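Taking it in order: structure first as structure tokens, then the write-up.
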Amino acid sequence: MLSKFSGSRQDQQFVLLLVILLGILGISLFLAVSMGSVAIDLGDTYRIILSRLGFPLEIGEVSKSTLAIVWNMRFPRVLLGLIVGAGLSMCGSVMQSTVNNPIAEPYVLGISAGATLGATLSIILGLKVMISLGAFLGAILATIAVLIIASMQGRMTTSSLILSGTVVNALFLAFSNFIISVGANADSVMTIKFWTMGSLAGTTWADLVLPTIIVGMAFLFFSTQYRVFNAMMMGDEAALTLGIPLRFYWYLYVTMVAVLTAVLVATCGIIGFVGLITPHLARGLVGTNYKRLFPVATLLGALFVVWADVFSRIIIPNAELPIGIFTALVGAPFFIYIVGGRRREVRG
Numbered sequence: 001m002l003s004k005f006s007g008s009r010q011d012q013q014f015v016l017l018l019v020i021l022l023g024i025l026g027i028s029l030f031l032a033v034s035m036g037s038v039a040i041d042l043g044d045t046y047r048i049i050l051s052r053l054g055f056p057l058e059i060g061e062v063s064k065s066t067l068a069i070v071w072n073m074r075f076p077r078v079l080l081g082l083i084v085g086a087g088l089s090m091c092g093s094v095m096q097s098t099v100n101n102p103i104a105e106p107y108v109l110g111i112s113a114g115a116t117l118g119a120t121l122s123i124i125l126g127l128k129v130m131i132s133l134g135a136f137l138g139a140i141l142a143t144i145a146v147l148i149i150a151s152m153q154g155r156m157t158t159s160s161l162i163l164s165g166t167v168v169n170a171l172f173l174a175f176s177n178f179i180i181s182v183g184a185n186a187d188s189v190m191t192i193k194f195w196t197m198g199s200l201a202g203t204t205w206a207d208l209v210l211p212t213i214i215v216g217m218a219f220l221f222f223s224t225q226y227r228v229f230n231a232m233m234m235g236d237e238a239a240l241t242l243g244i245p246l247r248f249y250w251y252l253y254v255t256m257v258a259v260l261t262a263v264l265v266a267t268c269g270i271i272g273f274v275g276l277i278t279p280h281l282a283r284g285l286v287g288t289n290y291k292r293l294f295p296v297a298t299l300l301g302a303l304f305v306v307w308a309d310v311f312s313r314i315i316i317p318n319a320e321l322p323i324g325i326f327t328a329l330v331g332a333p334f335f336i337y338i339v340g341g342r343r344r345e346v347r348g
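Each residue of the sequence shown is one higher than the one before, starting from 1 at the first, in the working numbering.
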């Protein structure tokens, strides 16, 4: 009876936390749209967005430029930040379970290095309209290379997957740096540098379609997989004892994470540390059960990227910094904290 009461209380707290996070995210969307090099009244932002979404609200006397900034420039950008943050956090949560390593992230598969190589080639060859496609193909190529190398001994393990990702990452980055050294001019170098640090600038409504569909489908699927994730976190032997076909789920999850991350990277460049730190924050809030951890981590990832993008727009007047700078400034110290905590646990 006591366990039922305890479980019911935990469920109530979980639902309350979801409601709070959704409320904060909703408020953050309006605040993020109103903030930038051109400050826009929050009331105007609220009325413009809701009226365009079909709510019976009068916009009032708002200039065409304000309307264009809110609806055509900032709102799509903020929504993309939400989607990218949610997607990267989802991928991080899945990878940490799949390899049973709390410091794993989506880019452990060499995806970032592969995307960098593909984007670099597109930029150097003057095919700037093909940067996203080049990045996507490069990311997929890197993932295939990782899976092939990790399976060379006949059976893919978490250790071989991580080591293969490290090798492929170093190799693809070396190729990228070589190409930049021998074939890039100053403009190309700046374009490559800005892209590799991630940016949501120039987002249009059309840019939202594919990431929204992919992230939405992935969320619906992964939300049903919490039993497998929980079993994987107990270790390979425990998962096999519970009847989990690890080999099947390894390939399934890794492939899905690779495709999802490749789509996100191709859309906005490389935004680091999101998939690393948000699952840890979620664990601190709701524990290790993926039934609760996964949706909370997804919402935290969305919030994180939305606000990182805001700071990238307002920190320097009339200028914009790559969003990856801010995620790294937060993520790098957090990573050090995680590693330090794990070492203390081992010593204890």
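Ideal placement from N, C-alpha and C gives every residue a C-beta, glycine not left out. For clarity, every value in this text was computed on a predicted model and none was experimentally measured.
In this structure, the alpha-carbon of S89 lies about 31 Å from that of L127. Taking a C-beta distance under 9 Å as the contact criterion, G92 and V215 do not qualify as a contact pair.
Here DSSP, grouped into helix, strand and coil, assigns N101 to coil.
For G165, the enclosing alpha helix (DSSP H) begins and ends at 158-183.
The beta carbon of E105 sits closer than 7 Å to those of G92, M95, G275, L276, all from its chain and outside the five residues before and after it, given in chain order. Classified as exposed, L53 has fewer than 16 neighbouring CB atoms from the shown chains inside 10 Å of its CB. Here DSSP, grouped into helix, strand and coil, assigns D41 to coil. About 7 Å separates the beta carbons of V254 and L147, which is inside the 8 Å limit, making them a contact pair. The Cβ atoms of A218 and L260 lie closer than 9 Å to each other. Counting only runs of 4+ residues, the alpha helix (DSSP H) found wholly inside the segment 101-152 occupies 111-124, 131-150, in chain order. G81 is the residue among G60, G81, L67 whose C-alpha sits nearest the C-alpha of T212. P245 is classed as exposed because its beta carbon has fewer than 16 other beta carbons within 10 Å across all chains shown.
Only residues of its own chain outside the window of five on either side were considered, and among them G134, I179 have a CB closer than 7 Å to the CB of L121, listed in chain order. With a beta-carbon spacing of about 7 Å, T143 and G114 fall inside the 8 Å limit used to define contacts. When P279, V310, W307, V305 are compared, the shortest CA-CA separation from P295 is found for P279. Contact check for S112 against A266 fails: the beta carbons are separated by 9 Å or more. Contact check for A308 and F326: beta-carbon distance about 4 Å, within the 8 Å limit, so the pair qualifies.
Within a 10 Å sphere around the beta-carbon of P322 sit 16 or more other beta-carbons, which makes this residue buried. In the three-state reduction of the DSSP assignment, L50 falls in the helix class, which pools H, G and I. A Cβ-Cβ contact shorter than 9 Å links A328 with G272. When C-alpha distances from G284 are compared across L17, Y46, A319, the shortest belongs to L17. DSSP places S65 inside the alpha helix (DSSP H), whose first and last residues are 64-68. A Cβ-Cβ distance of about 7 Å is found for the pair I270 and T116, placing them in contact under the 8 Å criterion.
Apart from sequence neighbours up to five positions away, no residue of its chain approaches M190 with a beta-carbon distance below 6 Å.
Taking a C-beta distance under 9 Å as the contact criterion, T157 and N101 do not qualify as a contact pair. S65 and G85 have their C-alpha atoms roughly 28 Å apart.
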